[in-house]
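Report on one structure; see the data block that follows.
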Amino acid sequence: MTAAVTQRCLLLSQSLLLRSRSMISKQTPLRTLRGQRHTACGFSRAFSSSIGTLRSEDKVTVHFINRDGEKITTEGKIGDSLLDVVVNKNLDIDGFGACEGTLACSTCHLIFDENIFKQLDPITDEEMDMLDLAYGLTETSRLGCQICLSKSMNGMTVSVPEGVADVRQAADMGLTPS
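Have a look at this one:
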């Protein structure tokens with residue numbers, strides 16, 4: 021390859037990269053390598069870690085109603101996603117967050133109370149596409165990986181739907197067309 025062709029290829033790839041970056045909204049989750057992700061809550065590595073002691077004003081209390089109807093109360097760090105809270109606190113919610121927050125499934129589907137739902141950031145097209153695959157979809161359904169904790173959410177209750185749509189499980193059971 022000549023130097024001129026190499027230079028043109030480099031300029032073209034840089035131009036495409038700049039164009040693609042300008043089309044990405046702040047809330048669009050991006051799949052990245054090595055377990056990293058960028059969600060509505062900001063960039064994090066796999067799941068956020070709760071290193072150090074948090075002050076009480078940096079935490080909010082969240083009540084989860086799991087699939088069995090059991091109420092699980094825990095605290096999460098402001099700015100963490102609800103998926104981060106479930107994983108970091110090792111909550112007993114089977115199959116929750118199978119894609120690790122990359123917006124490739126709907127296993128972190130949660131149902132919110134109307135008053136909290138109205139306070140949430142607008143839903144993205146990508147999140148809506150994944151919610152279309154969720155069981156038990158309601159008017160106040162959202163994906164936990166896309167909801168960032170804020171002080172106004174302190175004491176909120178979210179419900180985990182009874183069923184979960186996980187394409188990987190269907191494939192394991194031979195339910196998907198080949």
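Position in the sequence shown (from 1) plus 20 gives the number in my numbering.
Backbone N, C-alpha and C fix where the C-beta goes; we use that ideal spot for every residue, glycine too.
Buried is the label assigned to residue 104, since at least 16 other Cβ atoms lie within 10 Å of its Cβ. DSSP places residue 92 in the uninterrupted beta strand (DSSP E) bounded by 91-97. Apart from the 5 residues on each side of it in sequence, residue 93 sits with its Cβ closer than 7 Å to the Cβ of 81 and 83 in its chain, given in chain order.
With a cutoff of 8 Å on beta-carbon distance, residue 164 and residue 128 are scored as near each other.
Beyond the five residues adjoining it in sequence on each side, residue 170 comes within less than 7 Å, by CB distance, of 98 in the same chain, given in chain order. Taking C-beta separations shorter than 6 Å and ignoring five residues to either side along the sequence, the partners of residue 111 in its chain run 92, following chain order. Check the Cα spacing between residue 162 and each of 121, 172 and 89: the tightest is with 121. Assignment of residue 178 by DSSP, reduced to helix, strand and coil, places it in the strand class. Of the candidates 149, 106 and 157, 157 places its Cα closest to the Cα of residue 132. Residue 96 counts as buried, since at least 16 other C-beta atoms from the protein chains shown sit within 10 angstroms of its C-beta.
Following the DSSP letters along the chain, one finds residue 163 in no alpha helix (DSSP H) but inside the beta strand (DSSP E) bounded by residues 161-163. Spatial neighbours of residue 180 in its own chain (CB-CB distance under 6 Å, excluding positions within 5 residues in sequence) are listed in chain order as 86, 87 and 113.
Secondary structure at residue 130: strand, using DSSP grouped into helix, strand and coil. As a beta-bridge residue in DSSP terms, residue 101 pairs with 168.
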